[in-house]
Amino acid sequence: MAVIAVVGGPGAPGATTTALALLLAWPLQPGRRLLLVECDPDGGAVLAGALEGRVEAVYGLRNLAVADRRGLLAQAIWEQLIDLSPAGNGERLLLPGLTDPAQAPGLAYTWEPLVEALHALEPQGYDVLLDLGRSGAHGAGAVLTRRADAVAVTVRSTLRGLSSARPRLAALREDLEHQGTGADALGLLLIAEGPYPAAEVARQFGVPALGLLPHAPRTARILSDGGDTTDRRFVRSELMRTARTAADQLQLLVRRRRQRLAPGAAQPGPVPASPAPIPGVGQPYQADGQPYSSQSNPSQPYPSQPYPSQPYSSQPYQSAGLPVESAAGYPGAAPAPVPPGGGYGGYQGEGGHPSGSGYPAEGGFPPEPHPLAYPQTGGYPGAYPVPRPPQPAAPAPFPGAPGAAAEASASWGPSGSPGSSVSSGSPSSPSSPSSSGSQVPADSPASPAEAGEPVAPGTDQGGPQITYGEVLRAR
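Residues 400 to 874 in the working numbering are what the sequence shown lists, from first letter to last.
What follows is the structure in structure tokens.
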């Protein structure tokens, strides 16, 4: 059901004895079990006290530190348990504490995983009692009280016991309020040794009294130093009867706190109706710019929807220059702006193109071309046929190569005048077009002589002449 911490204090108020009394008197439902864990950093007292040394100190909390470092903490817990049930049926178990206070620093990083593992035992039918002693609620072990469902502080009702408990209760209340589950987890287990009544102590401390245990040294000695716990006189003693009452109050406190901290865990009620619209949130406005209200126009009822309902289509809208809306959008979302003069391009409308390409026809909304795309033609998607850039002409054949004379004869007329076309690399035809359709620049030299190059024998300076069947070398 819960993880309950039992805390002591200065003056030996009897935290371990009270925890053992709760262990033996706790009312168990069928299938439920109870586990007592000695978490006092000053060392455990049950092995040498109630068990009178009959069990060797090979089991205990100190073995869990090594298992936690290996990631085997949950499995190692079951290997350290001792059965304290009078009938030996495993309903009331003990996890012994430390045998040496020097072992406590080794558990500094194990307390939090340990309390997590103990909380995980609840679905298996286990309730857990934590015996923190006088110093287990502070320092590294403070996480045990912060994560506990209830914290019971044992206090003797004497002046010395109450005066020493006041600052400890104040520190516990502040720690639970700021870092725990709340100060309402705190309660008192009073040992009726002094003259102060439980109601007065609870009122002065501001902490409820969960139980008033009698000051019975002979009965308590059976729990602290060993004895027969199956004796009828012990079972029916006042100490065990008041311990049962305190156990009932602890269970009631845990149930109330869980209902408060987790109200969803209570019995579900009827499904509430849809809440009314909050004024000012999603509220439509009138034509004059004022928010719509029943006081401003009492003749018209308040609309049920903040905006007029829009027709919903499973197909997304697509407009020119705008991204495509998701088909899973909200039905009542504001529509995309309509281009002037028609509907959406590519959708049903007057401006839509019959091809459904997403661009309007002539007279519609002109599309905005992408800056990296080619120009569009006539509203149809696609790129203009761009002419290929001029390619460099093939170089002229080297003089003397096969076919060079035939190519030169085709380029020059029989009379020595240039023909209709020359090679694009020839500098001697300023007015003839090249093979790519472009003309030679006007400042090109008219003859090889003007360019300062040697000419073949038998040629004059007026133009190239072919003699002796030789070919003029082209640049």
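A virtual CB, placed ideally from N, CA and C, is assigned to each residue, including glycine.
For this session: Could I get the ranges of all uninterrupted alpha helix (DSSP H) runs contained in the region 456-493, with 4 residues as the minimum, in chain order?
Result: Secondary structure within the region 456-493: the alpha helix (DSSP H) runs of 4 or more consecutive residues, fully enclosed, are 461-468 and 472-478 (chain order).
Exercise. So what's P607 in DSSP terms, helix, strand or just coil?
Worked result: What you label residue 607 is simply residue 208 of the sequence shown in a count that begins at 1. Here P607 sits in coil by DSSP.
Problem set entry | Residue closest to F633, alpha-carbon to alpha-carbon, out of G540, P504, Q578 and P485 | Here residue 633 is taken as the residue at index 234 of the sequence shown, counted from 1. Closest option to F633, Cα to Cα, is P485.
For this session: Could you check if W425 is buried or exposed, using at least 16 other CB atoms within 10 Å of its CB as the buried criterion?
Result: Translated into the one-based positions of the sequence shown, residue 425 becomes position 26. Under this definition W425 is a buried residue.
For this session: Give the C-beta separation of L528 and L421 to the nearest angstrom, bearing in mind that I take them to be a contact with Cβ-Cβ under 8 angstroms.
Result: As a first step, residue 528 is located in the sequence shown; it is residue number 129 there, counting from the start. As a first step, residue 421 is located in the sequence shown; it is residue number 22 there, counting from the start. With 8 angstroms as the limit, L528 and L421 qualify as a contact, their Cβ atoms being about 6 angstroms apart.
Exercise. Along the chain, which unbroken stretches of the alpha helix (DSSP H) at least 4 residues long are found entirely within the region 402-438?
Worked result: 414-424
For this session: Check the DSSP bridge columns for V527 and list the partner residues they point to.
Result: As a first step, residue 527 is located in the sequence shown; it is residue number 128 there, counting from the start. DSSP lists V402 and L434 as partners of V527.
For this session: State the CB to CB distance for the pair D530 and V405, rounded to an integer number of angstroms; the pair is presumed to be in contact (CB under 8 angstroms).
Result: Position 131 of the sequence shown holds residue 530. Position 6 of the sequence shown holds residue 405. Their Cβ separation, rounded to whole angstroms, is 6 angstroms, which keeps D530 and V405 in contact under 8 angstroms.
Exercise. Can you list, in chain order, the residues of its chain whose CB lies under 6 angstroms from that of V626, leaving out five sequence neighbours each side?
Worked result: The residue given as residue 626 occupies position 227 in the sequence shown. Note that residue 626 corresponds to Gly in the displayed sequence, not to Val. Nothing listed; no residue qualifies.
For this session: Taking 7 angstroms as the cut-off, decide whether the C-beta atoms of V554 and P412 are in contact.
Result: Sequence index remark: in the sequence shown, residue 554 carries index 155 (1-based). Sequence index remark: in the sequence shown, residue 412 carries index 13 (1-based). The beta carbons of V554 and P412 sit closer together than 7 angstroms.
Exercise. For A661, which option in D548, P566, R559 and I590 has the closest C-alpha, if you only look at C-alpha atoms?
Worked result: On the sequence shown, residue 661 is found 262 positions in, with the first residue counted as 1. Residue D548 is the option with its Cα nearest to A661.
For this session: Quick one: give me the first and last residue of the beta strand (DSSP E) that V550 is part of.
Result: For the purposes of this step, residue 550 is identified with residue 151 of the sequence shown, where counting begins at 1. Unbroken beta strand (DSSP E) run through V550: A549 to R555.
Problem set entry | Counted within 10 angstroms of its Cβ, other Cβ atoms place A414 as buried (16 or more) or exposed | Against the sequence shown, residue 414 aligns to sequence position 15. Classification for A414: buried.
Exercise. For G586, which of helix, strand or coil comes out of DSSP?
Worked result: The residue labelled residue 586 in the question sits at position 187 within the sequence shown. In the structure shown, G586 sits in a strand (DSSP, three-state: E or B).
Exercise. From the DSSP output, which residues share a beta bridge with G532?
Worked result: For this step, residue 532 is matched to residue 133 along the sequence shown. V406.
Exercise. Around the Cβ of G442, are there at least 16 other Cβ atoms within 10 angstroms (buried) or fewer (exposed)?
Worked result: By 1-based counting over the sequence shown, the position of residue 442 is 43. G442 should be labelled buried.
Problem set entry | Close beta carbons around V600, own chain, < 8 angstroms, minus the five adjacent residues each side | Counted from its first residue, the sequence shown places residue 600 at position 201. So the list reads V554, S556, L561, L587, L589 and A608, once near-sequence residues are dropped.
For this session: Please state whether DSSP places L612 in a helix, a strand or coil.
Result: The residue labelled residue 612 in the question sits at position 213 within the sequence shown. Three-state result, L612: strand.
For this session: State the beta-bridge partners of A591 as determined by DSSP.
Result: Sequence index remark: in the sequence shown, residue 591 carries index 192 (1-based). Note: A591 sits in a beta bridge opposite P613.
For this session: Look at the alpha carbon of C438 and the alpha carbon of A619, and state the distance between them as a whole number of angstroms.
Result: Taking the sequence shown and counting its residues from 1, the one referred to as residue 438 is at position 39. Taking the sequence shown and counting its residues from 1, the one referred to as residue 619 is at position 220. Answer to the nearest angstrom: the Cα atoms are 21 angstroms apart.
Problem set entry | Backbone secondary structure at V454 - three-state DSSP | For this step, residue 454 is matched to residue 55 along the sequence shown. The three-state reading of DSSP puts V454 in coil, since its state is none of H, G, I, E or B.
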